[in-house]
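Following: one structure in structure tokens, then a few remarks.
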Amino acid sequence: MRRAAADLDAAWKSADTAPGGLVTAIAALADAPAGVAIARLLPWLSDTGWLRGRLDAALALLAADPFARPPLRMVGGGNGAAGGLVLADHGAIRLTLQLRPFAENRTAPGTAIFVPGGAAIHVLDGGGAELRAHSVAVSAAEEAGGFTAKGAAPCHSRPPRPLRTGETLILDTARQSFTLQHGAAGARRDILFLELTVQPPSRLPIRAYDIASGRLTHVSASRRDSSFRAMALALLRQLGRTDAAPLFAAEAASEDFAARWNAMRELVALDPAAALPHLAAMAAADPHPEVRAAAAATYGLISLPSGETGREGGGGPGSCTSPAPATPKPAGRAPDPVPHRAPHRAPCPA
Numbered sequence: 025m026r027r028a029a030a031d032l033d034a035a036w037k038s039a040d041t042a043p044g045g046l047v048t049a050i051a052a053l054a055d056a057p058a059g060v061a062i063a064r065l066l067p068w069l070s071d072t073g074w075l076r077g078r079l080d081a082a083l084a085l086l087a088a089d090p091f092a093r094p095p096l097r098m099v100g101g102g103n104g105a106a107g108g109l110v111l112a113d114h115g116a117i118r119l120t121l122q123l124r125p126f127a128e129n130r131t132a133p134g135t136a137i138f139v140p141g142g143a144a145i146h147v148l149d150g151g152g153a154e155l156r157a158h159s160v161a162v163s164a165a166e167e168a169g170g171f172t173a174k175g176a177a178p179c180h181s182r183p184p185r186p187l188r189t190g191e192t193l194i195l196d197t198a199r200q201s202f203t204l205q206h207g208a209a210g211a212r213r214d215i216l217f218l219e220l221t222v223q224p225p226s227r228l229p230i231r232a233y234d235i236a237s238g239r240l241t242h243v244s245a246s247r248r249d250s251s252f253r254a255m256a257l258a259l260l261r262q263l264g265r266t267d268a269a270p271l272f273a274a275e276a277a278s279e280d281f282a283a284r285w286n287a288m289r290e291l292v293a294l295d296p297a298a299a300l301p302h303l304a305a306m307a308a309a310d311p312h313p314e315v316r317a318a319a320a321a322t323y324g325l326i327s328l329p330s331g332e333t334g335r336e337g338g339g340g341p342g343s344c345t346s347p348a349p350a351t352p353k354p355a356g357r358a359p360d361p362v363p364h365r366a367p368h369r370a371p372c373p374a
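And the structure:
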């Protein structure tokens, strides 16, 4: 069975990298604008004969041995959560088959996520679901790196409408998003769609908005490499690796303001004493006004006057164990320039 799976994987890779293959088509558009890449790759979404062939081959492996592992990379899923299969990816472009399982009494999503880039969604089975579209204005200055929470435009949401099997949605995902929910009546099934995303590096962050109020609730770095480093820093912080403090400090000097602040928050939680000089420098000279303000506020929390730190002798860097001037974040995290008013969920539609 391992040999059969390896042979199938080799056959698919050969087909994908041949002239006219899927990966070849994606690679040729690596430097194209998101709109151009999506327009050129739309035929791979509308004509799904190639996908049916691959799923049939994967199912044949499983029919021969239920413990076989077809060469398909899974993302998400588990415990009734949304998930899918990565069909192809290269650089900023990814094509996935996405499944949103139906569940009784599931609450409607409360958060809309906006990710710099573009997407095309081809609905294979609407599942009796409803789509709710969301939009937010983004200026050229914000795209160029001038985004602030204070100046962010509110999110506007439209009433739900039926999700139609066979329709294709084309989105500028920096400004357009959607959420899905099953209607109160009618046939209700799992939702299945093909999703093509193009997410080139951007100085505009990923933004989460509360649907009910339209208010911005959270920002995070949109660059994939920044996201990988953020996960690594979170793991190092969980492991208590104070010897890795220089890695946190290096990321706190990165180009992306959201990545800088996330790294600083992690360093404060890991080792307040090591964070203090970097925090002071950030409060004085960070190019982003909200990062400077958050750094200054956090510096005040961990460098309080004598008698307010809870440390013997008082004063100096260290964890604040007496009541702080402001409510601290859970698990010792430093304040976020954008307060969390709603949970951060996976980017939609990416």
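Heads up: the sequence shown begins at 25 in my numbering, then just goes up one per residue. Idealized CB from N, CA, C, for every residue including glycine. Owing to the predicted nature of the structure, the values given are computational and were not obtained by experimental measurement.
{"query": "To which residues of the same chain is Arg227 closer than 6 Å at the C-beta, ignoring the five residues directly before and after it?", "result": "Gly169"}
{"query": "Indicate whether Ala144 and Leu220 have their beta-carbon atoms separated by less than 7 Å.", "result": "yes"}
{"query": "What's the C-alpha gap between Ala157 and Ala28?", "result": "44 Å"}
{"query": "Using beta-carbon positions only, say whether Ser159 and Gln200 come within less than 7 Å of one another.", "result": "yes"}
{"query": "I need the DSSP call for Met306, collapsed to helix, strand or coil.", "result": "helix"}
{"query": "Ignore the nearest five residues each way along the sequence and tell me which others in Val147's own chain have a CB closer than 7 Å to its CB.", "result": "Leu187, Arg188, Thr189, Gly190, Glu191 and Phe217"}
{"query": "Label Pro229 either buried or exposed according to how many other C-beta atoms from any shown protein chain fall within 10 Å of its C-beta, with 16 as the threshold for buried.", "result": "buried"}
{"query": "Below 8 Å, can you find three or more Cβ-Cβ pairs linking the stretch 86-106 to the stretch 237-250?", "result": "no"}
{"query": "Could you check the C-alpha separation between Leu260 and Pro296 for me, to the nearest Å?", "result": "15 Å"}
{"query": "Can you find the residues in the same chain that come closer than 6 Å, C-beta to C-beta, to Val162, ignoring five residues on each side of it along the sequence?", "result": "Ala198 and Arg199"}
{"query": "If we ignore side chains and look at the alpha-carbon of each, how far apart do Ala165 and His180 end up?", "result": "21 Å"}
{"query": "Sorted by chain position, which residues of the same chain lie with C-beta nearer than 7 Å to Val315's C-beta, five sequence neighbours on each side aside?", "result": "Phe281, Arg284, Trp285, Met306 and Pro361"}
{"query": "Check the DSSP bridge columns for Leu123 and list the partner residues they point to.", "result": "Gly107 and Leu216"}
{"query": "Within its chain, find whatever has a CB closer than 8 Å to the CB of Val99; leave out the 5 residues flanking it on each side and keep chain order.", "result": "Gly107, Gly108, Leu109, Val110 and Thr120"}
{"query": "Return helix, strand or coil for Leu204, following the three-state DSSP convention.", "result": "strand"}
{"query": "Is any beta-carbon of chain E found at less than 7 Å from that of Gly170?", "result": "Looking at the structure shown, chain E is missing, and only one protein chain is on hand."}
{"query": "For Leu291 versus Phe272, is the C-beta distance shorter than 7 Å?", "result": "yes"}
{"query": "If you draw a straight line from the alpha carbon of Ser38 to that of Asp214, how long is it in whole angstroms?", "result": "32 Å"}
{"query": "Looking at the secondary structure, which residues open and close the beta strand (DSSP E) in which Asp149 lies?", "result": "Gly142 to Asp149"}
{"query": "With distance defined between alpha-carbon atoms, name the residue in Leu325, Asp310 and Leu96 nearest to Gln122.", "result": "Leu96"}
{"query": "Quick check on Asp71: buried or exposed, where buried means 16 or more other Cβ atoms within 10 Å of its Cβ?", "result": "exposed"}
{"query": "Looking at Phe138 and Arg239, is the spacing between their C-beta atoms short of 7 Å?", "result": "no"}
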